[in-house]
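Taking it in order: structure first as structure tokens, then the write-up.
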Amino acid sequence: MGWGSHDDCCLTRLEHDMMMKIGDDDNSSDVTDVQVQTDDASFQLSVQSSTRRFNFDDPRGLTDDEYCLLFSLSKDDFNELIQIISTSGIRNSSNRSIKTAIGIYLCKPRLGLSNHLLVCMFQLSDKRTNSKTIDSARQAVLNNFVPYNLGFGHVTCQDVIDHHATTISGELMCDGGGSNTAIVVIDDTYIYIQSDIVVVDRGFRDSISVMQVIGLGVAMPSFLDSKNQFSAKEANQSGCITKVRWVVETANRRIKQFKYFANTIQNSSLIYLESDLSIVCALINRYQPPMATSKPEDSEVGQKIMKLLHQKKNSAGK
Numbered sequence: 006m007g008w009g010s011h012d013d014c015c016l017t018r019l020e021h022d023m024m025m026k027i028g029d030d031d032n033s034s035d036v037t038d039v040q041v042q043t044d045d046a047s048f049q050l051s052v053q054s055s056t057r058r059f060n061f062d063d064p065r066g067l068t069d070d071e072y073c074l075l076f077s078l079s080k081d082d083f084n085e086l087i088q089i090i091s092t093s094g095i096r097n098s099s100n101r102s103i104k105t106a107i108g109i110y111l112c113k114p115r116l117g118l119s120n121h122l123l124v125c126m127f128q129l130s131d132k133r134t135n136s137k138t139i140d141s142a143r144q145a146v147l148n149n150f151v152p153y154n155l156g157f158g159h160v161t162c163q164d165v166i167d168h169h170a171t172t173i174s175g176e177l178m179c180d181g182g183g184s185n186t187a188i189v190v191i192d193d194t195y196i197y198i199q200s201d202i203v204v205v206d207r208g209f210r211d212s213i214s215v216m217q218v219i220g221l222g223v224a225m226p227s228f229l230d231s232k233n234q235f236s237a238k239e240a241n242q243s244g245c246i247t248k249v250r251w252v253v254e255t256a257n258r259r260i261k262q263f264k265y266f267a268n269t270i271q272n273s274s275l276i277y278l279e280s281d282l283s284i285v286c287a288l289i290n291r292y293q294p295p296m297a298t299s300k301p302e303d304s305e306v307g308q309k310i311m312k313l314l315h316q317k318k319n320s321a322g323k
């Protein structure tokens, strides 16, 4: 997902002192002072005129930072998304354009707002109109964007190796021989290509035998069970796994920048949870840089770690 240079445009940077200011002559909107909180009561909205406050159809209507605030996308990314979605069944209507429909929908997971506030922000006639707009936009994104940016159909094993693996993970998980091995870190149930290595947490202990049967190598932190402490080998292996699994927290942090997923999700919304999460993850995959990137010193660091581990192993065996 490509924030790229927009990484510093995240919600925490812009969420203080933002408020709508309506232009009198050019009908554009400049979001300058809106305080975004996780509950509706603390979202302060200044209504200064009956003019539409968010105009996504006007190229000058919102700045790049404001697009980043509202959607976690740059203006160019948003426009590309609209181009992709415009080939779907969603159409412009008398009440809103395709851009407005997608904009309203994306505001919901990004800002974690209720339908009532979305009605107010976008000056829709009622909650029913808003719900129809959101449903249409959700289905359009789900059907025409998600399949090409999420799941096993949108990426090959070689893509994972070339663009989503680090040198240090190859050193630690494959003892230096993992230059052409896909190393996948999981925190839920996934399916992976045979002969890849899967790094899991202890919650997957009952699935290890299944993964091994289909040809996957499995690396998981050790259990103490009835022991007082780990052996040197177990402790070292767990340390290597921890070194690789940091990407899980990075993924969770990216998802939770969409405030909807950082909050408690109401039972009435569970029917849409899978769809909304799939859309957010697809946006992250498409528009943000890979989470796992190698540094020039990674190979040297990995080799040093493995050398120390082998030295300790040899010393323990004497």
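Its first residue numbered 6, the sequence shown is counted upward by one per residue in the numbering used here.
C-beta: ideal position from N, C-alpha, C; glycine also.
Could you check the C-alpha separation between E239 and Q88 for me, to the nearest Å? Taking the first residue of the sequence shown as 1, we reach residue 239 at position 234. Taking the first residue of the sequence shown as 1, we reach residue 88 at position 83. Rounded to the nearest angstrom, the two C-alpha atoms are 52 Å apart.
Extent of the continuous alpha helix (DSSP H) run through I87 = As a position in the sequence shown, residue 87 is number 82, starting the count at 1. 80–90 is the extent of the alpha helix (DSSP H) around I87.
Span of the alpha helix (DSSP H) around V253: Here residue 253 refers to the residue found at position 248 of the sequence shown. Taken as a continuous stretch (DSSP letters only), the alpha helix (DSSP H) holding V253 covers 251–261.
Separation of I260 from D81, as counted between CA atoms: Indexing the sequence shown from 1 puts residue 81 at position 76. Indexing the sequence shown from 1 puts residue 260 at position 255. If you take the alpha carbons of D81 and I260, they lie about 21 Å apart.
In terms of residues, what are the limits of the alpha helix (DSSP H) holding A106? As a position in the sequence shown, residue 106 is number 101, starting the count at 1. Note, A106: alpha helix (DSSP H), 103–116.
Check this for me: beta carbons of G175 and N268, under 7 Å apart or not?
Start at 1 with the first residue of the sequence shown, and residue 175 comes out as number 170. Start at 1 with the first residue of the sequence shown, and residue 268 comes out as number 263. Cβ distance not < 7 Å, so G175 and N268 don't count as in contact.
Simplified DSSP state of I246, which is helix, strand or coil: Locating residue 246 in the sequence shown gives position 241, counting from the first residue. It is helical.
Going straight from the alpha carbon of C179 to that of H169, what length do you get? Looking up residue 179 in the sequence shown gives position 174. Looking up residue 169 in the sequence shown gives position 164. Each residue's Cα considered, the two are about 16 Å apart.
*Among A145, Q293, N154, Q234, which one has its Cα closest to the Cα of A287?*
Indexing the sequence shown from 1 puts residue 287 at position 282. For the set A145, Q293, N154, Q234, the Cα lying nearest the Cα of A287 is the one of N154.
I think P114 touches F209, with their Cβ atoms under 8 Å apart; what is that distance to the nearest whole Å?
Working through the sequence shown from its first residue, we reach residue 114 at position 109. Working through the sequence shown from its first residue, we reach residue 209 at position 204. P114 to F209, Cβ: 28 Å. No contact.
Next on the checklist: Please tell me whether I109 and L123 are closer than 7 Å, where the distance is taken between their beta carbons.
Outcome noted: The residue you call residue 109 lines up with position 104 of the sequence shown. The residue you call residue 123 lines up with position 118 of the sequence shown. Against a cut-off of 7 Å, the Cβ pair of L123 and I109 comes out as a contact.
- Item | Neighbour-count burial assignment, T92, 16 or more Cβ in a 10 Å radius | The residue labelled residue 92 in the question sits at position 87 within the sequence shown. T92 comes out exposed.
*Rounded straight-line distance, which links the Cα of K232 to that of P294*: Sequence index remark: in the sequence shown, residue 294 carries index 289 (1-based). Sequence index remark: in the sequence shown, residue 232 carries index 227 (1-based). Computed Cα separation, rounded: 42 Å.
inquiry  = Could you give the first and the last residue of the continuous alpha helix (DSSP H) run that contains V223?
reply    = For the purposes of this step, residue 223 is taken as the residue at position 218 of the sequence shown. Following the DSSP letters along the chain, one finds V223 in no alpha helix (DSSP H) but inside the beta strand (DSSP E) bounded by residues 222–224.
Taking the beta carbon of T161 as the centre, do at least 16 other beta carbons fall within 10 Å, making it buried, or is it exposed?
Indexing the sequence shown from 1 puts residue 161 at position 156. Flag for T161 reads exposed.
ask   = Comparing alpha-carbon positions, which option in C245, A145, I219 lies nearest I95?
value = On the sequence shown, position 90 is the one that residue 95 refers to. The shortest C-alpha separation from I95 is found at A145.
- Query: Do you know how far the Cα of T105 is from the Cα of S130?
  - Reply: Along the sequence shown, one-based indexing puts residue 130 at 125. Along the sequence shown, one-based indexing puts residue 105 at 100. Between S130 and T105, the C-alpha separation is close to 14 Å.
Practice task
Just mark D281 as buried or exposed, buried being the case when its beta carbon has 16 or more other beta carbons within 10 Å.
Solution key: Sequence index remark: in the sequence shown, residue 281 carries index 276 (1-based). With 16 or more Cβ atoms within 10 Å of its Cβ, D281 is classed as buried.
field: When F235, K137, S274 are compared against I107, the one with the closest alpha-carbon
entry: By 1-based counting over the sequence shown, the position of residue 107 is 102. Closest option to I107, judged by alpha-carbon separation, among F235, K137, S274: K137.
Query raised in the report: Mapping DSSP to helix, strand and coil, what is T269?
Result: Counted from its first residue, the sequence shown places residue 269 at position 264. Coil.
**Prompt:** Any idea what DSSP makes of R96, helix, strand or coil?
**Reply:** Stepping through the sequence shown from its first residue, residue 96 is reached at position 91. Three-state DSSP puts R96 in coil, outside helix and strand.
Could you give the distance in angstroms between the alpha-carbon of E254 and the alpha-carbon of I103? Taking the sequence shown and counting its residues from 1, the one referred to as residue 254 is at position 249. Taking the sequence shown and counting its residues from 1, the one referred to as residue 103 is at position 98. C-alpha separation (whole angstroms): 34 Å.
Output the distance between the C-alpha atoms of S47 and Q128, rounded to the nearest integer angstrom.
Along the sequence shown, read from residue 1 onward, the residue named residue 47 stands at position 42. Along the sequence shown, read from residue 1 onward, the residue named residue 128 stands at position 123. Confidence is the limiting factor: at S47 the pLDDT is only 38, short of 50, which leaves the residue's position unreliable, though a coordinate-based value still follows. Looking at the two C-alpha atoms, the distance is approximately 19 Å.
Compute the distance between the beta-carbons of V151 and S283, then report whether it is under 7 Å. Taking the first residue of the sequence shown as 1, we reach residue 151 at position 146. Taking the first residue of the sequence shown as 1, we reach residue 283 at position 278. Yes, they are a contact pair.
Exercise for review: Inspect the beta-carbon positions of A187 and I213 and report whether they are closer than 7 Å.
Suggested key: By 1-based counting over the sequence shown, the position of residue 187 is 182. By 1-based counting over the sequence shown, the position of residue 213 is 208. No, these two residues do not count as a Cβ contact at 7 Å.
TODO: Answer with yes or no whether the minimum CB distance from N60 to chain C is below 7 Å.
DONE: Note that chain C does not occur in the displayed structure, where there is just one protein chain.
query = Going by C-alpha distance, which of F76, D70, F61 is nearest Q262?
reply = The residue labelled residue 262 in the question sits at position 257 within the sequence shown. Comparing Cα-Cα distances from Q262 to each of F76, D70, F61, the minimum goes to F76.
Quiz item: Going by the CB atoms, is the gap between N135 and N120 shorter than 7 Å?
Solution: As a first step, residue 120 must be located in the sequence shown, where it is residue number 115. As a first step, residue 135 must be located in the sequence shown, where it is residue number 130. Closer than 7 Å, so yes.
### Query
CA-CA distance, D164 and T171?
Counting from 1 along the sequence shown, the entry for residue 164 is found at position 159. Counting from 1 along the sequence shown, the entry for residue 171 is found at position 166. Cα to Cα, the separation comes out at about 13 Å.
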